[in-house]
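Number of protein chains: 2
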Amino acid sequence: MPELFTVVSPDEAFERLRAQIGDPILRLETAPLPRALGRTLGRALVAIESLPAFARSAMDGYAVSARQTAGASESSPVYLRLAGEVRMGSIPPEVLAPGTCMRIHTGAALPRGADAVVMVEETNLLESGEVEVLASVAPGEDVVQTGEDVTAGSAVLPAGHRLRAVDLGGLAALGVTNVAVARRPRVAVLSTGDELVPPEGHPRPGEVRDVNGPVVCAMLGQAGAEAQHRGIVPDDEERLLAAAAAALAETDGLVITAGSSVSLRDATARVIARLGGPGILVHGVAVKPGKPTILAYCGGKPVFGLPGNPVSAAVLCWRMVLPAVRLLLGEPVAPGGLPPPVGSARLAQNVPSRSGREDYVAVRIEPGSGGEAQAVPAFAKSNLIFSLVRSGALIRIPRDTGGLLAGEPVDVYAW
Amino acid sequence: MPELFTVVSPDEAFERLRAQIGDPILRLETAPLPRALGRTLGRALVAIESLPAFARSAMDGYAVSARQTAGASESSPVYLRLAGEVRMGSIPPEVLAPGTCMRIHTGAALPRGADAVVMVEETNLLESGEVEVLASVAPGEDVVQTGEDVTAGSAVLPAGHRLRAVDLGGLAALGVTNVAVARRPRVAVLSTGDELVPPEGHPRPGEVRDVNGPVVCAMLGQAGAEAQHRGIVPDDEERLLAAAAAALAETDGLVITAGSSVSLRDATARVIARLGGPGILVHGVAVKPGKPTILAYCGGKPVFGLPGNPVSAAVLCWRMVLPAVRLLLGEPVAPGGLPPPVGSARLAQNVPSRSGREDYVAVRIEPGSGGEAQAVPAFAKSNLIFSLVRSGALIRIPRDTGGLLAGEPVDVYAW
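So, in structure tokens, the structure goes:
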């Protein structure tokens, strides 16, 4: 029998792994802008130019020298001769002469000699070709100054930032069309258990289809990894070792979802212990579901042994494996690895727990009284996969409570 | 000048478009299970078999006939002869004989003649080969019954459901490895404006790079559409019409992001009005930013004219275009089109608004006092793209308020 490690808190378990991973050496690759969505910036993005690159109008109206509008009001207008129109996409060749103005559109470059814009609503264009200005403007009024959005040389996004749609706009504005991003870590996934057949298989009595392989691979993909499902390995320590070693040699990490029998969990631990040093860091996490989880670091790569129960495997993959993927991508990960909640809700019923253990419960989120969301636990006797399918989110019962009462607020996590 | 439609509320604007789209005829395609993540179910998923398909053990222990444990306790144990071990992945050929039990692991099939499991912690295995049972069990105890997770014939996921990682586990458990999903709607995106150059271009004085094309395309892709950026068209009504008609002929919808000058917005409206009936449904939405937005339905396809300002374009794409994509995918969309908030936060400062108008403000979400999240507005004078890049979320100021005060709760939306 392998040494059974002391059960440790989820935070402590993750931090033991983080200490091994340290500051990973990021391998970067170039993503063309349209494919950079969801990728992780490999280097801080520094603006190589200022935005806007020229002072431009923030309104439709007339470009003026603010001085010339001094004292203008509805009862005492100022009259400026219309000297033309600023074309979009160019800087007017002429300098704005005293006593004149130019028609300008939002986004157009301010002509030289102009320092403000009078919006069209505060003017009248007279048949004489003069513009009647009904309000004075200050220098800079309705003008976006050069560098007002971004100044050249400033850091606009940090390394490790996961790119959203709006960030692609920022990159486009700066002309960054080839983005240095972290290469997706490759993570191998092995499912073990004599009772397992692949999803496309036809289980005989006593057999079940592999659920954990597809779920773990999909989660890994969402987290930014490149998942490689390496199939199902029967309950045989030497065969599992061979498959695990081969998988780990070709990837940056390995997840083994064990069959759920005690003997099989032990086999998984023995196999992981043989994959290279320093080996098993944690065997047993104070979390429900998912206690019989293994975190290891073997030959410079993280290795996880997840329980065979599909709810346990999904929760622990989300709680331990995905934060590790984010570390490998160079993304910031909070102490303990827990991702930020997407919101909070009030418990619809009491949820028992045990102090010293962190519990996760699948819930449906429903509208509650007073506009607050309500979390309805989707309890199921044996943590069956459809209890997750029927739920919308997870809630967390912190480890220092003995459960929570109906009406108490809980953090909600999405996956 | 085209007829300027009355400005309508965002909810009303979206519902006018929904009325035209009606119940779209979904075109389905088959996605293999590993590629079904994020796709939309084209048909309700009905279980063709029950799960579990056989009664199985929920614990490591001994399969028994519950009757035989009647009265067992620590002080008065029952003794059962160990008749073997249930192998994972098979149904034992023999029927459990009276007075015997079989060792069983979590997930293994219950042998015939057994109806309960005594967990290993409540037994002692004696050297005699007998099992000392220290507690009585009721029929069904620690057994997952056939069909307890899913019963054959039941609907487990509705059509229009967007598949998450855990859903792929449900599909795998049922053996559904080719999933009927809604085909991604193809949406063309055109950027217009004489001042625009593509992101890879080198703007001359007065020119800017196209920000809206990349942002709108990325948002469309995230929402499940297949975006086709058809490039930049100069401010020329006939050229814009030709480009728009060609794009719409090959796709299921069209988004034109207009340059921001009034004349150009007018050109966009005239072009959209010429793309086919019924044409423009809404020209002007009571929302800030983004008022000069056009919603249209032309020849059976939704068409949008978004403002040229990048913040306006992003907010209105998110508020109007993405819910329309979800309709085309057959997904449920709440009345008015607003997606559900991801949470709520307290305003860090006063935010003025005007009654009758729905406002969206980019915010950073920060930890606040008392554990509640705090929304810090990222106000920028002219709605520049980096005000979005620097923000993490949007908040909504409902249309029936004249603004909100610091400390008031607001709904938070992610993108």
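Here the protein sequences line up with chains A and B, keeping their order.
Numbered as in my numbering, the first sequence ends at 417 without a single skipped number.
Numbered as in my numbering, the second sequence ends at 417 without a single skipped number.
Note that the Cβ used here is the ideal one computed from N, Cα and C, for glycine as well.
Bear in mind that the values here come from a model prediction, so they are computed numbers and not experimental data.
Is the shortest distance between the beta-carbon of S92 of chain B and the beta-carbons of chain A less than 9 angstroms?
-> Position 90 of the second sequence, counting from 1, holds the residue named residue 92 of chain B. Interface residue, yes.
Under 8 angstroms by beta carbon: chain A residues contacting F56 of chain B | As a first step, residue 56 of chain B is located in the second sequence; it is residue number 54 there, counting from the start. What F56 of chain B touches in chain A: P207, G208.
May I ask you to report which of helix, strand or coil DSSP gives Q230 of chain B?
-> For the purposes of this step, residue 230 of chain B is taken as the residue at position 228 of the second sequence. The answer is strand: DSSP assigns Q230 of chain B an E or B state.
Between the Cα of V213 of chain B and those of A:R185, A:D237, A:A167, spot the shortest distance and give me the residue it belongs to.
-> Walking along the second sequence from the start, residue 213 of chain B turns up at place 211. Per the Cα distances, A:A167.
Smallest Cα separation from A408 of chain A: which of A:V122, A:P291, A:G281, A:P354?
-> Here residue 408 of chain A refers to the residue found at position 406 when the first sequence is read from its first residue. Per the Cα distances, A:P354.
Can you pull the chain B residues whose beta carbon is under 8 angstroms from the beta carbon of M221 of chain A, in chain order?
-> Position 219 of the first sequence holds residue 221 of chain A. Under the 8 angstroms cutoff, chain B gives A167.
Among B:L390, B:Y415, B:T403, nearest to I397 of chain B - alpha-carbon criterion | Here residue 397 of chain B corresponds to residue number 395 of the second sequence, with the count starting at 1. Residue B:Y415 is the option with its Cα nearest to I397 of chain B.
Under the DSSP definition of a beta bridge, which residues are partnered with L53 of chain A?
-> Position 51 of the first sequence, counted from the first residue, corresponds to residue 53 of chain A. For L53 of chain A, which the question treats as bridged, DSSP gives the partners A:V152.
With 16 other CB atoms within 10 Å as the buried threshold, where does V305 of chain A fall?
-> In the first sequence, the residue the question calls residue 305 of chain A occupies position 303. Buried, because 16 or more other Cβ atoms sit within 10 Å of the Cβ of V305 of chain A.
If the cut is a Cβ gap below 8 angstroms, which residues of chain A does E202 of chain B touch?
-> As a working mapping, residue 202 of chain B is identified with position 200 in the second sequence. Here the neighbours are G177, T179.
Do you know whose CA, among B:S52, B:G131, B:E209, lies nearest G155 of chain B's CA?
-> Position 153 of the second sequence, counting from 1, holds the residue named residue 155 of chain B. Nearest C-alpha to G155 of chain B: B:S52.
Is there a Cβ from chain A that is less than 9 angstroms from the Cβ of L340 of chain B?
-> Indexing the second sequence from 1 puts residue 340 of chain B at position 338. For L340 of chain B, the answer is no, since every Cβ of chain A falls outside 9 angstroms of its Cβ.
Is the beta carbon of T295 of chain B less than 9 angstroms from the beta carbon of V191 of chain B?
-> Translated into the one-based positions of the second sequence, residue 295 of chain B becomes position 293. Translated into the one-based positions of the second sequence, residue 191 of chain B becomes position 189. Their beta carbons are not under 9 angstroms apart, which means T295 of chain B does not touch V191 of chain B by this criterion.
Check whether the Cβ atoms of R29 of chain B and R276 of chain B lie closer than 9 angstroms to each other.
-> For the purposes of this step, residue 29 of chain B is taken as the residue at position 27 of the second sequence. For the purposes of this step, residue 276 of chain B is taken as the residue at position 274 of the second sequence. Cβ distance not < 9 angstroms, so R29 of chain B and R276 of chain B don't count as in contact.
Can you tell me whether DSSP reads F306 of chain B as helix, strand or coil?
-> What you label residue 306 of chain B is simply residue 304 of the second sequence in a count that begins at 1. Here F306 of chain B sits in strand by DSSP.
Beta-carbon of A227 of chain A versus every beta-carbon of chain B: anything under 9 angstroms?
-> As a working note, residue 227 of chain A is residue 225 in the first sequence. So, not an interface residue.
Report yes if the CB atom of I106 of chain A is closer than 9 angstroms to the CB atom of V119 of chain A, and no otherwise.
-> The sequence position of residue 106 of chain A within the first sequence is 104, counting from 1. The sequence position of residue 119 of chain A within the first sequence is 117, counting from 1. Yes, Cβ-Cβ distance for I106 of chain A and V119 of chain A is below 9 angstroms.
Using the rule of at least 16 other Cβ atoms within 10 Å of the residue's Cβ for burial, across every protein chain shown, is D25 of chain B buried or exposed?
-> As a position in the second sequence, residue 25 of chain B is number 23, starting the count at 1. Under this definition D25 of chain B is an exposed residue.
Check the Cβ-Cβ distances between Q384 of chain A and every residue of chain B, and say whether any is below 9 angstroms.
-> For this step, residue 384 of chain A is matched to residue 382 along the first sequence. Note on identity: in this sequence residue 384 of chain A is Ser, with Gln being the wrong assignment. Answer yes: the Cβ-Cβ gap between S384 of chain A and chain B drops below 9 angstroms somewhere.
Nearest chain B C-beta to R89 of chain A closer than 9 angstroms, yes or no?
-> Within the first sequence, residue 89 of chain A is the residue found at index 87, counting from 1. Closer than 9 angstroms to some Cβ of chain B, the Cβ of R89 of chain A qualifies, so yes.
At a Cβ threshold of 9 angstroms, is H231 of chain B touching chain A?
-> In the second sequence, the residue the question calls residue 231 of chain B occupies position 229. H231 of chain B counts as touching chain A.
Residue range of the beta strand (DSSP E) that includes C219 of chain A = Stepping through the first sequence from its first residue, residue 219 of chain A is reached at position 217. Run containing C219 of chain A: none in the beta strand (DSSP E); it sits in the alpha helix (DSSP H), 214-224.
Take the Cβ of N352 of chain A as the centre, count every other Cβ of all protein chains shown within 10 Å, and call the residue buried at 16 or more, exposed below.
-> Mapped onto the first sequence, residue 352 of chain A falls at position 350. So N352 of chain A counts as exposed.
Cα-Cα separation, A46 of chain B to M322 of chain B | Here residue 46 of chain B corresponds to residue number 44 of the second sequence, with the count starting at 1. Here residue 322 of chain B corresponds to residue number 320 of the second sequence, with the count starting at 1. Taking the straight line from one Cα to the other gives about 26 angstroms.
Compute the beta-carbon to beta-carbon distance between P216 of chain A and P36 of chain B, rounded to the nearest angstrom, for a pair I have assumed lies under 8 angstroms.
-> Locating residue 216 of chain A in the first sequence gives position 214, counting from the first residue. Locating residue 36 of chain B in the second sequence gives position 34, counting from the first residue. Correct: roughly 7 angstroms between the Cβ atoms.
Between E240 of chain B and chain A, is there a C-beta pair that is closer than 9 angstroms?
-> Within the second sequence, residue 240 of chain B is the residue found at index 238, counting from 1. False, the Cβ-Cβ gap to chain A never drops below 9 angstroms.
Between the Cα of A364 of chain B and the Cα atoms of B:S384, B:A380, B:A220, B:L256, which residue gives the shortest distance?
-> Start at 1 with the first residue of the second sequence, and residue 364 of chain B comes out as number 362. Nearest of B:S384, B:A380, B:A220, B:L256 to A364 of chain B, Cα basis: B:A380.
In the DSSP assignment, what are the bridge partners of K290 of chain A?
-> As a working note, residue 290 of chain A is residue 288 in the first sequence. DSSP lists A:D361 as partners of K290 of chain A.
Please report how far the alpha carbon of R114 of chain A lies from the alpha carbon of L173 of chain A, in whole angstroms.
-> By 1-based counting over the first sequence, the position of residue 114 of chain A is 112. By 1-based counting over the first sequence, the position of residue 173 of chain A is 171. Distance between the alpha carbons of R114 of chain A and L173 of chain A: 29 angstroms.
Check whether the Cβ of L28 of chain B lies closer than 8 angstroms to any heavy atom of the ligand MN, and answer yes or no.
-> With respect to the ligand MN, the structure offers nothing, as it holds no ligand at all.
Within 10 angstroms of the Cβ of I282 of chain B, are there 16 or more other Cβ atoms? Answer buried if so, exposed if not.
-> If you number the second sequence from 1, residue 282 of chain B lands on position 280. The residue in question, I282 of chain B, is buried, as its Cβ has 16 or more Cβ neighbours within 10 Å.
Among all the DSSP beta bridges, which residues are the ones paired with C103 of chain B?
-> Taking the first residue of the second sequence as 1, we reach residue 103 of chain B at position 101. DSSP, once it has assigned bridges, lists B:L84 as partnering C103 of chain B.
Under a three-way DSSP split, which group does S59 of chain A fall into?
-> Taking the first sequence and counting its residues from 1, one reaches residue 59 of chain A at position 57. If DSSP states are grouped into helix, strand and coil, S59 of chain A belongs with the strands.
Below-9 angstroms beta-carbon distance, D151 of chain A vs any chain B residue | Residue mapping note: residue 151 of chain A aligns to position 149 of the first sequence, counting from 1. Output row for D151 of chain A: interface = yes.
What did DSSP end up calling P400 of chain A once you bin it into helix, strand or coil?
-> Sequence index remark: in the first sequence, residue 400 of chain A carries index 398 (1-based). Coil, per DSSP.
Taking one C-beta from the region 140-150 of chain A and one from the region 53-65 of chain A each time, how about it: are there three or more such pairs within less than 8 angstroms?
-> yes
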